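Structure record follows, encoded as structure tokens.
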Amino acid sequence: MQNERKVVKFNSTNIQEKVQHLSFSDSGEGVPAFGKMSRKIRTIEFWHPFQKELAITEPFVKWISNKFKYLRVLNIQGSDFQFLPECFDKMKHLRYLDLSYCWKLEKLPDFICKLQSLEILNLWKCVALACIPPNR
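Residue numbering for the sequence shown follows my numbering, beginning at 45 and increasing consecutively.
Here's what the structure looks like:
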């Protein structure tokens, strides 16, 4: 149980198979060069309290959605997205999505309402967000 949570740098390659909760202490471009990593990851977080925008790219989010089918928590606060990538609709087990401080986020796609497991959507300080799709 003690090795289930790990804080790593974006370019880390040594992540144990037991890790289920992963926190990045920095960001980078592209997709991390993880070696063998468990598909059992449940949490991915980026923590950058003093950085206004993260270099979290669309290919990286697509990689997350394809590799970690059972992801429950995704914290990408401070990301530089104007619009969310379509790949979020594959995250059927996602319960918590933190998009706070995404200054450029203008619109949420309709599929956000179709994420049946989503319980919390944090949009704090998404100042450019003009509308939220109706829950149908």
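C-beta: ideal position from N, C-alpha, C; glycine also.
A quick note: this is a predicted structure, and the numbers were derived from the prediction, not measured.
Our contact map puts residue i next to residue j with C-beta atoms below 8 Å; I'd like the distance itself, whole angstroms only.
| i | j | result |
| --- | --- | --- |
| asparagine 5 | glutamate 89 | Summary: the structure shown does not reach residue 5, with the chain confined to residues 45 through 180, and so no result is reported for it. |
| leucine 141 | cysteine 170 | Actually they do not touch by this definition, with Cβ atoms about 12 Å apart. |
| proline 177 | aspartate 154 | 5 Å |
| valine 52 | isoleucine 59 | 6 Å |
Please report how far the alpha carbon of residue i lies from the alpha carbon of residue j, in whole angstroms.
| i | j | result |
| --- | --- | --- |
| serine 144 | lysine 134 | 21 Å |
| serine 67 | valine 117 | 11 Å |
| lysine 151 | arginine 83 | 30 Å |
| tryptophan 147 | glutamate 61 | 35 Å |
| tryptophan 168 | arginine 49 | 26 Å |
| lysine 113 | serine 161 | 13 Å |
What residue range is occupied by the uninterrupted beta strand (DSSP E) comprising residue i?
| i | result |
| --- | --- |
| glutamate 163 | Counting along the chain, glutamate 163 falls outside any beta strand (DSSP E), and DSSP gives it neither H nor E. |
| asparagine 119 | 117–119 |
Use the C-beta contact count for residue i: other C-beta atoms within 10 angstroms, 16 or more gives buried, fewer gives exposed.
| i | result |
| --- | --- |
| valine 105 | buried |
| phenylalanine 127 | exposed |
| glutamine 121 | buried |
| isoleucine 164 | exposed |
| isoleucine 85 | buried |
| serine 123 | buried |
What does DSSP give as the partner residues of residue i in its beta bridges?
| i | result |
| --- | --- |
| phenylalanine 68 | Val52, Phe90 |
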